[in-house]
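Shown next, in structure tokens, is the structure this report addresses.
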Ligand SMILES: [Zn+2]
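Residue numbers (UniProt numbering): 1 to 290.
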């Protein structure tokens with residue numbers, strides 16, 4: 001049977017009164033915070049039905065948002081949110097507020113706090129764009145390519161790729177697009193700032209496409225070569241983070257030391273993959289034959 005919220009209110013209020021001496025002495029912060037949380041839960045339960053009527057058809061998500069907004073900057077417990085929303089799925093609603101609406105809700109040990117009343121519109125718009133692409137009639141490959149086009153120069157997360165791909169396998173499609181279209185799509189193998197599963201289209205311009213020879217060097221091989229060379233071009237000594245001119249397109253490619261880019265395909269497979277004969281180059285040095 002459900003506890004009488006009015007009794008819970010009295011118990012929590014009494015607890016706070018009992019803690020008065022501790023508060024005066026600036027002691028027992030955790031116990032005070034817990035009692036305060038219990039009090040809020042009780043209040044939310046007592047007035048829940050009345051507030052819901054006043055709210056109209058706001059829904060659980062809106063009730064949670066309103067509660068977090070009223071307590072902006074303060075930590076509120078999951079129990080409070082459950083009482084406010086009267087649903088067990090408040091954690092999911094929090095996730096929706098964060099991901100779908102762009103609200104900055106911080107979490108720490110089962111407590112939550114809203115940092116700003118204004119949602120991050122960029123994050124929200126990005127979520128909506130991904131949702132729209134996901135629903136388009138085009139093929140998965142076309143949808144993923146459009147996703148990269150929308151986010152040129154930005155890291156696309158594994159989750160976004162998979163959402164647009166309608167399941168797992170978004171990263172595999174990104175690799176295929178890289179090989180087929182020769183688009184400079186980086187993964188964590190190519191750029192150390194990308195996390196596992198993230199991909200980034202460096203540039204969508206025709207002139208910045210990969211040299212066809214790069215199809216010969218799969219991701220695992222690139223990862224070995226670039227990591228060994230500390231992601232630095234052997235000729236110009238530049239790395240991602242030291243490219244200073246704004247807007248310059250910079251990405252790493254594998255250079256074979258025994259063949260020109262146009263001849264490298266003629267090498268036997270073993271020679272092609274011999275790490276000691278492979279070097280890290282940047283797109284610009286590679287194109288100018290350095
Ligand atoms: Zn270079």
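Using N, Cα and C, we set each Cβ at its ideal position, and we do this for glycine too. Fair warning: this is a prediction, and the values are worked out from it, not measured in the lab.
Cβ-based burial, residue i [other Cβ within 10 Å; buried from 16]
i, result
"residue 70", "exposed"
"residue 152", "exposed"
"residue 262", "exposed"
"residue 306", "Because residue 306 is not part of the residues shown, which for the chain are 1 to 290, the question remains open."
"residue 57", "Note that residue 57 has pLDDT 47, beneath the 50 cutoff, so the model's placement of it is unreliable and no number is given."
"residue 131", "exposed"
"residue 265", "exposed"
"residue 145", "buried"
"residue 38", "buried"
"residue 6", "exposed"
"residue 227", "exposed"
"residue 281", "buried"
"residue 184", "buried"
"residue 85", "buried"
"residue 89", "exposed"
"residue 156", "buried"
"residue 24", "exposed"
"residue 313", "Nothing about residue 313 can be read from this structure; the chain reaches only from 1 to 290."
"residue 225", "buried"
"residue 77", "buried"
"residue 248", "exposed"
"residue 81", "buried"
"residue 93", "buried"
"residue 108", "exposed"
"residue 17", "exposed"
"residue 230", "exposed"
"residue 186", "buried"
"residue 286", "buried"
"residue 3", "exposed"
Bounding residues of the alpha helix (DSSP H) (the contiguous stretch that carries residue i)
i, result
"residue 283", "283-287"
"residue 222", "219-228"
"residue 86", "Taken as a continuous stretch (DSSP letters only), residue 86 belongs to no alpha helix (DSSP H), as it is neither H nor E."
"residue 150", "140-150"
"residue 3", "Run containing residue 3: none; DSSP gives neither H nor E here."
"residue 156", "From DSSP, residue 156 is part of no alpha helix (DSSP H); its letter is neither H nor E."
"residue 129", "121-134"
"residue 199", "Per DSSP, residue 199 belongs to no alpha helix (DSSP H) and is neither H nor E."
"residue 272", "269-272"
"residue 22", "20-24"
First and last residue of the uninterrupted beta strand (DSSP E) at residue i
i, result
"residue 111", "111-114"
Residues bridged to residue i [DSSP beta-bridge criterion]
i, result
"residue 108", "111"
"residue 69", "Residue 69 pairs with nothing; no bridge assigned."
"residue 259", "Partner(s): none; residue 259 has no beta bridge."
"residue 279", "255"
"residue 185", "201"
"residue 37", "Answer by DSSP bridge pairing: none, since residue 37 is not bridged."
"residue 76", "112"
Check whether the region 251-267 touches the region 179-198, taking contact to mean three or more Cβ pairs, one atom from each stretch, closer than 8 Å. In short, these stretches touch, since the Cβ pair count reaches three.
Inspect the CB distances between the region 164-176 and the region 205-214 and report whether three or more fall short of 8 Å. Between the region 164-176 and the region 205-214, the count of C-beta pairs closer than 8 Å stays below three; the two stretches do not touch.
Does the structure place the region 121-131 close enough to the region 90-106 that three or more beta carbon pairs sit under 8 Å? Yes, the region 90-106 touches the region 121-131.
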